[in-house]
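Here the structure comes first, spelled out in C-alpha coordinates, and everything after it is commentary.
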Amino acid sequence: MVSSATLTILIVTIALSILIPVGAAFWWIHRHPAVDSWATVGVGLVVYILFAMLLETPFRGIAANFKNTPWLYALYGALLAGVFEEIGRWLGMRHIMKKGVDRLQRPGTPILYGLGHGGIEMVIIGGFSTLSTLVLSFTINQTGPTAFLQKYPLLASTVKQLTGGAAGLFSLALAERIMALILQIGFSILVWHFVRTGKKFYWVGVPILVHAVVDFVPALSQAQAIGTVATELILLVLTVAFGVIMYRQWRQDSQAAVQTGTMEKKPNQKA
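For what it's worth, the working numbering labels the leading residue of the sequence shown as 16, then goes sequentially.
Have a look at this one:
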(Lines of atoms letter the chains of each structure in order from A and count residues from 1; the text may use other names and numbers.)
(Lines give C-alpha, C1' and ligand atoms only; values in the text may rest on other atoms or scores of the structure.)
Protein backbone atom coordinates (compact mmCIF):
# COMPACT_ATOMS: atom_id res chain seq x y z
CA MET A 1 0.00 0.00 0.00
CA VAL A 2 1.06 3.60 -0.51
CA SER A 3 2.00 4.96 2.92
CA SER A 4 0.35 7.96 4.53
CA ALA A 5 3.74 9.70 4.57
CA THR A 6 4.04 9.38 0.79
CA LEU A 7 0.46 10.60 0.30
CA THR A 8 1.14 13.59 2.55
CA ILE A 9 4.28 14.52 0.62
CA LEU A 10 2.37 14.30 -2.67
CA ILE A 11 -0.41 16.56 -1.35
CA VAL A 12 2.10 19.08 0.06
CA THR A 13 3.99 19.06 -3.26
CA ILE A 14 0.83 19.86 -5.21
CA ALA A 15 -0.14 22.66 -2.83
CA LEU A 16 3.32 24.28 -2.69
CA SER A 17 3.84 23.95 -6.45
CA ILE A 18 0.88 26.29 -6.89
CA LEU A 19 1.13 28.47 -3.80
CA ILE A 20 4.85 29.32 -4.03
CA PRO A 21 4.94 30.95 -7.50
CA VAL A 22 1.45 32.48 -7.29
CA GLY A 23 2.01 33.69 -3.72
CA ALA A 24 5.41 35.17 -4.57
CA ALA A 25 3.95 37.05 -7.54
CA PHE A 26 1.05 38.37 -5.44
CA TRP A 27 3.49 39.47 -2.73
CA TRP A 28 5.78 41.29 -5.16
CA ILE A 29 3.01 43.08 -7.05
CA HIS A 30 1.31 44.02 -3.77
CA ARG A 31 4.55 45.68 -2.65
CA HIS A 32 5.08 47.48 -5.98
CA PRO A 33 1.57 48.12 -7.36
CA ALA A 34 2.54 51.36 -9.10
CA VAL A 35 5.30 49.89 -11.27
CA ASP A 36 4.76 46.13 -11.61
CA SER A 37 1.81 44.13 -12.89
CA TRP A 38 0.62 40.65 -13.83
CA ALA A 39 1.32 41.43 -17.49
CA THR A 40 5.01 40.62 -16.99
CA VAL A 41 4.10 37.33 -15.30
CA GLY A 42 1.85 36.58 -18.25
CA VAL A 43 4.65 37.10 -20.76
CA GLY A 44 6.84 34.60 -18.94
CA LEU A 45 3.97 32.11 -18.71
CA VAL A 46 3.13 32.35 -22.42
CA VAL A 47 6.78 32.08 -23.48
CA TYR A 48 7.26 28.88 -21.47
CA ILE A 49 4.15 27.25 -22.92
CA LEU A 50 4.99 28.32 -26.47
CA PHE A 51 8.72 27.56 -26.55
CA ALA A 52 9.24 24.82 -23.95
CA MET A 53 6.00 22.88 -24.40
CA LEU A 54 4.97 23.45 -28.03
CA LEU A 55 8.02 24.31 -30.15
CA GLU A 56 10.55 22.19 -28.25
CA THR A 57 8.45 19.03 -27.95
CA PRO A 58 8.85 17.72 -31.55
CA PHE A 59 12.64 17.67 -31.10
CA ARG A 60 12.63 15.69 -27.87
CA GLY A 61 12.00 12.40 -29.64
CA ILE A 62 15.43 12.64 -31.26
CA ALA A 63 16.98 12.10 -27.83
CA ALA A 64 15.92 8.44 -27.98
CA ASN A 65 18.66 7.90 -30.56
CA PHE A 66 21.24 8.69 -27.88
CA LYS A 67 19.85 6.48 -25.10
CA ASN A 68 22.83 4.14 -25.27
CA THR A 69 25.24 7.06 -24.86
CA PRO A 70 24.17 8.81 -21.62
CA TRP A 71 26.47 11.82 -21.89
CA LEU A 72 25.32 12.51 -25.46
CA TYR A 73 21.68 12.04 -24.45
CA ALA A 74 22.17 14.50 -21.58
CA LEU A 75 24.05 17.00 -23.73
CA TYR A 76 21.36 17.00 -26.41
CA GLY A 77 18.55 17.39 -23.88
CA ALA A 78 20.33 20.15 -21.98
CA LEU A 79 21.16 22.13 -25.11
CA LEU A 80 17.64 21.64 -26.47
CA ALA A 81 16.10 23.13 -23.33
CA GLY A 82 18.65 25.93 -23.26
CA VAL A 83 18.14 26.94 -26.88
CA PHE A 84 14.34 27.02 -26.85
CA GLU A 85 13.80 28.47 -23.38
CA GLU A 86 16.48 31.16 -23.55
CA ILE A 87 15.66 32.31 -27.07
CA GLY A 88 12.04 32.47 -25.93
CA ARG A 89 13.07 34.37 -22.82
CA TRP A 90 15.11 36.83 -24.90
CA LEU A 91 12.17 37.46 -27.23
CA GLY A 92 9.90 37.83 -24.22
CA MET A 93 12.13 40.52 -22.76
CA ARG A 94 12.27 42.27 -26.13
CA HIS A 95 8.47 42.20 -26.23
CA ILE A 96 8.35 43.83 -22.81
CA MET A 97 10.79 46.50 -24.03
CA LYS A 98 8.58 47.23 -27.05
CA LYS A 99 5.70 47.90 -24.67
CA GLY A 100 7.81 50.67 -23.15
CA VAL A 101 11.48 51.02 -22.30
CA ASP A 102 10.48 52.04 -18.79
CA ARG A 103 8.94 48.60 -18.24
CA LEU A 104 12.26 46.98 -19.04
CA GLN A 105 14.03 49.29 -16.59
CA ARG A 106 11.92 48.16 -13.64
CA PRO A 107 13.85 45.95 -11.19
CA GLY A 108 10.79 43.77 -10.74
CA THR A 109 10.66 42.82 -14.43
CA PRO A 110 13.05 39.81 -14.31
CA ILE A 111 11.58 38.62 -10.99
CA LEU A 112 8.00 38.62 -12.25
CA TYR A 113 9.00 37.24 -15.64
CA GLY A 114 10.87 34.41 -13.89
CA LEU A 115 7.85 33.72 -11.67
CA GLY A 116 5.72 33.45 -14.79
CA HIS A 117 8.15 31.30 -16.76
CA GLY A 118 9.31 29.14 -13.86
CA GLY A 119 5.99 29.33 -12.05
CA ILE A 120 3.94 27.69 -14.79
CA GLU A 121 6.67 25.05 -15.10
CA MET A 122 6.37 24.39 -11.38
CA VAL A 123 2.57 24.21 -11.56
CA ILE A 124 2.61 21.81 -14.52
CA ILE A 125 5.42 19.51 -13.39
CA GLY A 126 5.13 19.81 -9.63
CA GLY A 127 1.38 20.31 -9.49
CA PHE A 128 -0.47 18.59 -12.31
CA SER A 129 2.00 15.71 -12.76
CA THR A 130 2.05 15.04 -9.02
CA LEU A 131 -1.75 15.18 -8.98
CA SER A 132 -1.86 12.26 -11.41
CA THR A 133 0.55 10.37 -9.14
CA LEU A 134 -1.68 11.12 -6.15
CA VAL A 135 -4.77 9.82 -7.95
CA LEU A 136 -2.82 6.72 -8.93
CA SER A 137 -1.78 6.23 -5.29
CA PHE A 138 -5.38 6.41 -4.05
CA THR A 139 -6.39 3.93 -6.75
CA ILE A 140 -3.66 1.50 -5.67
CA ASN A 141 -4.77 1.73 -2.05
CA GLN A 142 -8.40 1.27 -3.00
CA THR A 143 -7.92 -1.79 -5.23
CA GLY A 144 -4.79 -3.20 -3.61
CA PRO A 145 -1.34 -3.41 -5.27
CA THR A 146 -1.81 -7.01 -6.48
CA ALA A 147 -5.17 -6.40 -8.11
CA PHE A 148 -3.94 -3.14 -9.61
CA LEU A 149 -0.89 -4.82 -11.18
CA GLN A 150 -3.05 -7.55 -12.66
CA LYS A 151 -5.00 -4.86 -14.47
CA TYR A 152 -2.05 -2.54 -15.26
CA PRO A 153 1.12 -4.68 -15.44
CA LEU A 154 3.06 -1.99 -17.31
CA LEU A 155 2.94 0.21 -14.22
CA ALA A 156 4.87 -2.29 -12.11
CA SER A 157 7.90 -0.04 -11.57
CA THR A 158 5.68 2.91 -10.59
CA VAL A 159 3.70 0.80 -8.13
CA LYS A 160 6.93 -0.55 -6.64
CA GLN A 161 8.21 2.98 -6.15
CA LEU A 162 4.99 4.24 -4.58
CA THR A 163 4.53 1.28 -2.25
CA GLY A 164 8.19 1.03 -1.30
CA GLY A 165 8.08 3.84 1.26
CA ALA A 166 9.57 6.41 -1.13
CA ALA A 167 8.40 9.49 0.80
CA GLY A 168 11.96 10.79 0.93
CA LEU A 169 12.30 10.45 -2.82
CA PHE A 170 9.19 12.55 -3.40
CA SER A 171 10.53 15.12 -0.95
CA LEU A 172 13.58 15.45 -3.20
CA ALA A 173 11.24 16.00 -6.16
CA LEU A 174 9.63 18.93 -4.33
CA ALA A 175 13.05 20.37 -3.52
CA GLU A 176 13.98 20.07 -7.19
CA ARG A 177 10.91 22.06 -8.22
CA ILE A 178 11.83 24.86 -5.81
CA MET A 179 15.40 24.90 -7.11
CA ALA A 180 14.11 24.98 -10.70
CA LEU A 181 12.02 28.07 -9.89
CA ILE A 182 15.05 29.82 -8.40
CA LEU A 183 17.09 28.94 -11.48
CA GLN A 184 14.38 30.24 -13.81
CA ILE A 185 14.40 33.57 -12.01
CA GLY A 186 18.19 33.59 -12.27
CA PHE A 187 18.07 32.94 -16.02
CA SER A 188 15.55 35.78 -16.33
CA ILE A 189 17.89 38.16 -14.49
CA LEU A 190 20.74 37.18 -16.82
CA VAL A 191 18.71 37.74 -19.99
CA TRP A 192 17.25 40.95 -18.54
CA HIS A 193 20.79 42.22 -18.01
CA PHE A 194 21.74 41.65 -21.65
CA VAL A 195 18.52 43.02 -23.16
CA ARG A 196 18.36 46.01 -20.83
CA THR A 197 21.94 47.01 -21.63
CA GLY A 198 21.34 46.73 -25.39
CA LYS A 199 23.46 43.66 -26.14
CA LYS A 200 23.19 42.06 -29.58
CA PHE A 201 21.14 38.90 -30.08
CA TYR A 202 24.18 36.63 -30.24
CA TRP A 203 24.66 37.26 -26.51
CA VAL A 204 21.74 34.88 -25.99
CA GLY A 205 24.42 32.21 -26.36
CA VAL A 206 25.56 32.94 -22.79
CA PRO A 207 22.26 32.07 -21.05
CA ILE A 208 21.85 29.10 -23.42
CA LEU A 209 25.23 27.76 -22.30
CA VAL A 210 24.52 28.40 -18.61
CA HIS A 211 21.11 26.75 -18.90
CA ALA A 212 22.65 23.72 -20.62
CA VAL A 213 25.31 23.36 -17.93
CA VAL A 214 22.67 23.39 -15.19
CA ASP A 215 20.38 20.97 -17.04
CA PHE A 216 23.16 18.52 -17.92
CA VAL A 217 23.19 16.75 -14.54
CA PRO A 218 19.39 16.19 -14.32
CA ALA A 219 19.53 14.95 -17.93
CA LEU A 220 22.21 12.44 -16.91
CA SER A 221 19.88 11.31 -14.13
CA GLN A 222 17.09 10.76 -16.67
CA ALA A 223 19.50 8.56 -18.62
CA GLN A 224 20.10 6.66 -15.36
CA ALA A 225 23.81 7.52 -15.48
CA ILE A 226 23.79 9.15 -12.04
CA GLY A 227 21.78 8.56 -8.87
CA THR A 228 18.88 10.72 -7.71
CA VAL A 229 20.48 11.86 -4.44
CA ALA A 230 23.76 12.77 -6.17
CA THR A 231 21.81 14.67 -8.81
CA GLU A 232 19.92 16.72 -6.23
CA LEU A 233 23.09 17.53 -4.29
CA ILE A 234 24.91 18.73 -7.40
CA LEU A 235 21.83 20.69 -8.47
CA LEU A 236 21.68 22.28 -5.01
CA VAL A 237 25.28 23.48 -5.27
CA LEU A 238 24.67 24.87 -8.78
CA THR A 239 21.45 26.58 -7.68
CA VAL A 240 23.03 28.25 -4.65
CA ALA A 241 26.09 29.41 -6.59
CA PHE A 242 24.12 30.68 -9.58
CA GLY A 243 21.44 32.20 -7.34
CA VAL A 244 23.99 34.21 -5.33
CA ILE A 245 25.73 35.46 -8.49
CA MET A 246 22.47 36.46 -10.14
CA TYR A 247 21.18 38.14 -6.99
CA ARG A 248 24.28 40.34 -6.90
CA GLN A 249 23.89 41.06 -10.60
CA TRP A 250 20.24 41.97 -10.05
CA ARG A 251 21.17 44.38 -7.26
CA GLN A 252 23.67 46.14 -9.53
CA ASP A 253 21.31 46.24 -12.48
CA SER A 254 18.42 47.42 -10.31
CA GLN A 255 20.41 50.43 -9.13
CA ALA A 256 21.41 51.23 -12.71
CA ALA A 257 17.83 50.76 -13.93
CA VAL A 258 16.42 53.10 -11.28
CA GLN A 259 19.01 55.76 -12.12
CA THR A 260 18.29 55.39 -15.84
CA GLY A 261 14.55 55.62 -15.25
CA THR A 262 15.01 58.72 -13.10
CA MET A 263 17.20 60.43 -15.70
CA GLU A 264 14.67 59.68 -18.43
CA LYS A 265 11.86 61.44 -16.54
CA LYS A 266 11.06 65.00 -17.39
CA PRO A 267 12.01 67.58 -14.74
CA ASN A 268 8.36 68.24 -13.83
CA GLN A 269 7.28 64.58 -14.08
CA LYS A 270 6.31 62.91 -10.85
CA ALA A 271 7.99 59.65 -9.85
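Just so you know, even glycine gets a beta-carbon here, dropped at the ideal spot from N, CA and C.
| query | result |
| --- | --- |
| Best match in Leu-146, Pro-122, Phe-74 for proximity to Gly-92 [C-alpha to C-alpha] | Phe-74 |
| Reference Lys-214, options Trp-53, Arg-109, Leu-87, closest by Cα | Arg-109 |
| Check whether Met-261 and Ala-195 have beta carbons under 8 Å apart | no |
| Cβ shell of Leu-94 (< 8 Å), same chain only, five flanking positions each side left out | Ile-223, Ala-227 |
| Lys-166 - DSSP class collapsed to helix/strand/coil | helix |
| Integer-rounded CB distance, given that Phe-257 should sit under 8 Å from Gly-183 | In fact, because the Cβ distance is near 25 Å, the residues do not count as touching under 8 Å. |
| Cα-Cα separation between Ala-20 and Trp-42, rounded to whole angstroms | 31 Å |
| Nearest-angstrom Cα separation, counted from Thr-145 out to Leu-70 | 24 Å |
| Residue burial classification, Gly-115 (beta-carbon count within 10 angstroms, cutoff 16) | exposed |
| Burial state of Ser-147 (16 or more Cβ within 10 Å) | exposed |
| Own chain, CB closer than 8 Å to Phe-163, minus 5 neighbours either side, in chain order | Thr-154, Ile-155, Leu-170, Val-174 |
| Length of the line joining the Cα atoms of Pro-48 and Ala-40 | 11 Å |
| Test item: CB-CB of Gly-141 and Thr-243 under 8 Å | no |
| Nearest-angstrom Cα separation, counted from Glu-191 out to Ile-35 | 13 Å |
| Beta-carbon spacing of Leu-130, Gly-59 below 8 Å | yes |
| Burial state of Gln-157 (16 or more Cβ within 10 Å) | exposed |
| DSSP three-state assignment for Gly-179, whether helix, strand or coil | coil |
| Range of the contiguous alpha helix (DSSP H) that encloses Val-219 | Segment: none, Val-219 is in no alpha helix (DSSP H) and carries neither H nor E. |
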